[in-house]
Amino acid sequence: MKENYYFDNAATTWPKPEPVYQFMDSFFRSHGVNPGRSGHTLAVEAEQMIFATRRMLAEFFGHAGDPNRVVFTQNATDSINLAIRGMVQNGDHIVISQLEHNAVLRTANHLQRDSNIAVSVVEAGDTGYLNVSEIIEALKPSTRAIVINHASNVIGTVQNIEEIAAAAKQHGVHLIVDSAQTAGVVPIDMSCGIDVLTFTGHKGLFGPMGIGGMIVGESVDLAPGRFGGTGVDSASLFQPDSYPHRLEAGTVSIPGIAGLNAAQKWFAELGASLDAAAEDHQTRCNRAISHIHDREMSHIERIANHLHAFDSVTVLGSGQGPKVATMSFTVDGMIAQQVAEMLDADHYICSRAGLHCAPRAHEAFGTSANGAVRLSPGYFTEDEDVDHLLEALSEVLE
Numbered sequence: 048m049k050e051n052y053y054f055d056n057a058a059t060t061w062p063k064p065e066p067v068y069q070f071m072d073s074f075f076r077s078h079g080v081n082p083g084r085s086g087h088t089l090a091v092e093a094e095q096m097i098f099a100t101r102r103m104l105a106e107f108f109g110h111a112g113d114p115n116r117v118v119f120t121q122n123a124t125d126s127i128n129l130a131i132r133g134m135v136q137n138g139d140h141i142v143i144s145q146l147e148h149n150a151v152l153r154t155a156n157h158l159q160r161d162s163n164i165a166v167s168v169v170e171a172g173d174t175g176y177l178n179v180s181e182i183i184e185a186l187k188p189s190t191r192a193i194v195i196n197h198a199s200n201v202i203g204t205v206q207n208i209e210e211i212a213a214a215a216k217q218h219g220v221h222l223i224v225d226s227a228q229t230a231g232v233v234p235i236d237m238s239c240g241i242d243v244l245t246f247t248g249h250k251g252l253f254g255p256m257g258i259g260g261m262i263v264g265e266s267v268d269l270a271p272g273r274f275g276g277t278g279v280d281s282a283s284l285f286q287p288d289s290y291p292h293r294l295e296a297g298t299v300s301i302p303g304i305a306g307l308n309a310a311q312k313w314f315a316e317l318g319a320s321l322d323a324a325a326e327d328h329q330t331r332c333n334r335a336i337s338h339i340h341d342r343e344m345s346h347i348e349r350i351a352n353h354l355h356a357f358d359s360v361t362v363l364g365s366g367q368g369p370k371v372a373t374m375s376f377t378v379d380g381m382i383a384q385q386v387a388e389m390l391d392a393d394h395y396i397c398s399r400a401g402l403h404c405a406p407r408a409h410e411a412f413g414t415s416a417n418g419a420v421r422l423s424p425g426y427f428t429e430d431e432d433v434d435h436l437l438e439a440l441s442e443v444l445e
């Protein structure tokens, strides 16, 4: 028996590909300097690594514009705050969904309370899928943006971003997409009409914690959300207008970006090993992403089929459609935390119980009181790990 069986990849992927650990360590040891600013060789080489990472991420997400519009942040929450606050102005209106993570929900609610920003919430119902016509109905003349998570972090339902993007463009509204649960798991192409894409490094992108980012499309500019040193235009008393300095203030995370750099190369190498004809970075990475998604979904389907056999279990989300490998369930007569604690204490299984920082989503599923147990296998989950989980679930549920 292993020391642990990890089914909490929706919180953070673990373990990471070995090259990520190796490059983070080696680059931080050899180039752990302030990038670009000092002008010496080490600083220049560190800046070159950072720009190479911006370029790879731009290709990865189908951003054909300036790679400098790939902006590094702390995480997806940081990116979402910068994106929404940088886009809206006094008197604006935004549309969000009932499925949003607190990163969006709390940002929107604070803006509504403190800054004269109106917020409309589109309901999802128990299917977990949004109706685009209801998003359109929520639009107003003052609507500045639609803010949508690509996939629910509670039940894994993937929204039709292409259709939502088309509706946003038709009505002259910007689209901000939270890809925390899909980046690296579902192919994303910003050319479909995404104006701002936010991402975190430590989930499907297989990077470390403490690094995230966003890609700001050429069709929109965001007001700076923080101010400080950039290493350029240092005589100016105001934040530079150019990207990425417009939105990046202070020293960026060399170890974090190095981790993303290594992970991007890992995606490309995996894709090339699966399809020798794939020539460019995006094609190779998308081939890898499809492979990763298929592997993870094979695990989650086994788990779901097992749980559906128990009358006492309710699997959240009745809708049929595209998903990522995340699911949540409740057990009659048991609190979610109790189930998770039994899985952990008796079977060394890591899961996640509660409201998953998405309280409005749990309202939609009727689980606000006690939350639910979430299971999310990853690319490095083995069939034997799932076997162990199914045996453990049977013991707990019977």
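Numbering (the working numbering), first residue to last: 48 to 445.
Note that beta-carbon positions come from the ideal geometry of N, C-alpha and C, so glycine has one too.
By the 16-neighbour rule on beta-carbons within 10 angstroms, Pro291 is buried.
Following the DSSP letters along the chain, one finds Ile127 in no beta strand (DSSP E) but inside the alpha helix (DSSP H) bounded by residues 123 to 134. In the three-state scheme derived from DSSP, where H, G and I count as helix and E and B as strand, Met256 is classed as coil. In this structure, Ser423 keeps its C-beta atom at 7 Å or more from the C-beta atom of Asp173.
Burial is judged here by how many other beta carbons sit within 10 angstroms of a residue's own beta carbon; Val166 has at least 16 and is buried. Contact between Phe314 and Ala123 does not hold, since the beta-carbon distance rounds to 18 Å and is not under 8 Å. Three or more beta-carbon pairs drawn from the stretch 295 to 312 and the stretch 98 to 114 are found closer than 8 Å, and the two stretches are therefore classed as touching.
When Tyr395, Leu390, Val360 are compared, the shortest CA-CA separation from Gly380 is found for Val360. By the neighbour-count criterion, in which a residue is buried when 16 or more other Cβ atoms sit within 10 angstroms of its Cβ, Ala214 is buried.
If you look at Gly401, you'll find it in the beta strand (DSSP E) that goes 399 to 401.
With a cut-off of 8 Å on Cβ pairs, the stretch 194 to 206 is not in contact with the stretch 279 to 293, counting fewer than three such pairs. Between Gly264 and Ile235 a beta carbon distance of about 13 Å is seen, past the 8 Å cut, so the two are scored as non-contacting. Nearest Cα to Ile262 within the set Met71, Ala57, Phe108: Phe108.
Between His346 and Thr428, the C-beta gap is smaller than 7 Å, which places the two residues in contact. Here DSSP, grouped into helix, strand and coil, assigns Arg331 to helix. Sequence-distant partners of His403 (beyond 5 residues in either direction) whose C-beta falls short of 7 Å from its own C-beta, in its chain, are Asn200, Val201, Arg421. If you draw a straight line from the Cα of Arg342 to the Cα of Cys397, it comes to about 19 Å. The beta-carbon separation of Lys370 and Val205, rounded to 6 Å, stays under the 8 Å limit for a contact. Taking the C-beta atoms as reference points, Val220 is found no nearer than 7 Å to Leu244. Relative to Lys49, the option among Asp391, Glu410, Gln385 whose CA is nearest is Asp391. In the three-state scheme derived from DSSP, where H, G and I count as helix and E and B as strand, Asp430 is classed as helix.
In the DSSP assignment, Ala99 falls outside any beta strand (DSSP E) and within the unbroken alpha helix (DSSP H) covering 88 to 107. For Phe274, the number of other beta carbons within 10 angstroms of its own is below 16, and it is reported as exposed.
A direct Cα-to-Cα measurement between Tyr52 and Leu186 gives close to 45 Å. Runs of alpha helix (DSSP H) with 4 or more residues, each lying fully within the stretch 189 to 254, are found at 208 to 217, listed in chain order. Of the candidates Glu147, Ile97, Arg76, Glu106, Glu147 places its Cα closest to the Cα of Ala408. Closest option to Ala372, judged by alpha-carbon separation, among Val378, Ile97, Met344: Met344. C-alpha of Ile131 to C-alpha of Cys332: approximately 28 Å in a straight line. Put simply, of Ser238, Thr330, Met96 the residue whose alpha carbon is nearest the alpha carbon of Pro82 is Met96. For Gln384, the closest C-alpha among the options Glu106, Val443, Arg334, Thr330 is that of Val443. Straight-line measurement puts the Cα of Ala58 at about 23 Å from the Cα of Leu177.
Straight through space, the alpha carbons of Val117 and Met71 are spaced by roughly 20 Å. The bridge partners DSSP lists for Asp55 are Ser423.
In the structure shown, Ile350 falls within a helical segment according to DSSP collapsed to helix, strand and coil.
Counting only residues of its own chain and dropping the five nearest sequence neighbours on each side, Ala325 has a CB closer than 7 Å to the CB of Gly318, Ala319, Arg331, Arg334.
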